[in-house]
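**Student:** Numbering (the working numbering), first residue to last: -7 to 236. Okay, here's the structure, questions in a sec.
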């Protein structure tokens, strides 16, 4: 999909621009736990609990697409116990929350590899995707075992495998082979936890996104912190490379 200058809209009172597609790098679970003398697993648990709250909040605000960076291709290199805890927690959360999301008209979409996931996690993800496929409310992209470079490389491989002529490959054609083929480009990219890195997240789709970094750790990022992100977004003049 291409960048769309008309993709965002004002709220009813005209004060804040609501981005059409928001992507979030959910950072700070471990530091949130450490600051409270808790195990890092407790931080991940709190982070997943906040996910439900944030999805509902963004849906109420009129956001149509929300993509969450849940687990990267590089996260496999973390301590084995932490990785196993995240995977087990993901299974439990999807099993518990998919039905509620479905009832709230949320469409779930998985972005990333599936070959390295356990059979149980892969099945839970697929069931959630299938169950919500016909919903027309907010689309929730779950980037799990996702890497931006890997996504682009995979798209190139698929183009070659499908025998697409080089003369027929342009940006639109290439985008059709990405995980986000039926989603618009990202309008607002939020990173919690205070850092200013993209961390291999949606490299193609964020080419002209507005970036917002919050010092708040992910488990505490909701409500007024989302307000601050939207207010900052409203102040940006999006030119998409043009002179205005």
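Yeah, the Cβ is synthetic: ideal placement off N, Cα and C, and Gly gets one too.
Measure the Cβ-Cβ separation of residue 69 and residue 105 and say whether it is below 8 Å.
**Tutor:** As a working note, residue 69 is residue 77 in the chain shown. As a working note, residue 105 is residue 113 in the chain shown. No.
**Student:** State buried or exposed for residue 211, treating a residue as buried only when at least 16 other CB atoms are found within 10 Å of its CB.
**Tutor:** For the purposes of this step, residue 211 is taken as the residue at position 219 of the chain shown. Answer is buried; the Cβ neighbour count reaches 16.
**Student:** Should residue 158 go down as buried or exposed, given a rule of 16 or more other Cβ atoms within 10 Å for buried?
**Tutor:** Reading the chain shown from its first residue, position 166 is the one you call residue 158. Label assigned to residue 158: exposed.
**Student:** Does the segment 106 to 114 come close enough to the segment 75 to 88 to have 3 or more Cβ pairs within less than 8 Å?
**Tutor:** Short answer: they touch.
**Student:** Using the three-state DSSP reduction, which class does residue 15 fall into: helix, strand or coil?
**Tutor:** As a first step, residue 15 is located in the chain shown; it is residue number 23 there, counting from the start. In this structure, residue 15 counts as strand in the three-state DSSP scheme.
**Student:** So, using beta-carbon positions, are residue 225 and residue 180 closer together than 8 Å?
**Tutor:** For this step, residue 225 is matched to residue 233 along the chain shown. For this step, residue 180 is matched to residue 188 along the chain shown. Closer than 8 Å, so yes.
**Student:** Who are the near neighbours of residue 48 in its chain, counting only those whose CB is closer than 6 Å to its CB and skipping five residues on each side?
**Tutor:** By one-based count along the chain shown, residue 48 stands at place 56. The answer is none, since no qualifying residue turns up.
**Student:** Measure the alpha-carbon distance for residue 91 versus residue 128 and round it to whole angstroms.
**Tutor:** Here the question's residue 91 lines up with position 99 in the chain shown. Here the question's residue 128 lines up with position 136 in the chain shown. About 15 Å.
**Student:** To the nearest angstrom, report how far apart residue 267 and residue 153 are at their CA atoms.
**Tutor:** Absent from the model: residue 267. The displayed extent of the chain is -7 to 236, so no value can be given.
**Student:** Would you please state the rounded distance, in angstroms, between the beta carbons of residue 140 and residue 93? I believe it to be under 8 Å.
**Tutor:** Position 148 of the chain shown, counting from 1, holds the residue named residue 140. Position 101 of the chain shown, counting from 1, holds the residue named residue 93. With 8 Å as the limit, residue 140 and residue 93 do not qualify as a contact, their Cβ atoms being about 25 Å apart.
**Student:** Pick helix, strand or coil for residue 136, following the three-state DSSP scheme.
**Tutor:** Within the chain shown, residue 136 is the residue found at index 144, counting from 1. DSSP places residue 136 in strand when its eight states are reduced to three.
**Student:** Identify whether residue 114 lies in helix, strand or coil by the three-state DSSP scheme.
**Tutor:** Numbered from 1 along the chain shown, position 122 holds the residue referred to as residue 114. Three-state DSSP puts residue 114 in a helix.
**Student:** For residue 10, which three-state DSSP category applies?
**Tutor:** If you number the chain shown from 1, residue 10 lands on position 18. Residue 10: strand per DSSP, three-state reduction.
**Student:** Would you list, in sequence order, the uninterrupted alpha helix (DSSP H) runs of no fewer than 4 residues that lie entirely inside the segment 13 to 79?
**Tutor:** For the segment 13 to 79, whole alpha helix (DSSP H) runs of length 4 or above, ordered along the chain, are 21 to 26, 32 to 53.
**Student:** Could you give the distance in angstroms between the alpha-carbon of residue 230 and the alpha-carbon of residue 33?
**Tutor:** For this step, residue 230 is matched to residue 238 along the chain shown. For this step, residue 33 is matched to residue 41 along the chain shown. Using only the alpha carbons, I get a separation of about 39 Å.
**Student:** Hey, out of 85, 17, 58, 25, whose CA is closest to residue 41's CA?
**Tutor:** Residue numbering aside, residue 41 sits at position 49 when the chain shown is read from its first letter. Of 85, 17, 58, 25, the residue nearest in Cα terms is 85.
**Student:** So which of 228, 232, 218, 227 has the shortest CA-CA distance to residue 54?
**Tutor:** Working through the chain shown from its first residue, we reach residue 54 at position 62. Checked all of 228, 232, 218, 227; the closest Cα to residue 54 is 218.
**Student:** Got a sec, what are the start and stop residues for the beta strand (DSSP E) residue 216 sits in?
**Tutor:** What you label residue 216 is simply residue 224 of the chain shown in a count that begins at 1. First-last for residue 216: 216 to 226, but that is the alpha helix (DSSP H), not the beta strand (DSSP E).
**Student:** Please confirm whether residue 184 and residue 133 have their CB atoms less than 8 Å apart.
**Tutor:** As a working note, residue 184 is residue 192 in the chain shown. As a working note, residue 133 is residue 141 in the chain shown. Contact: no.
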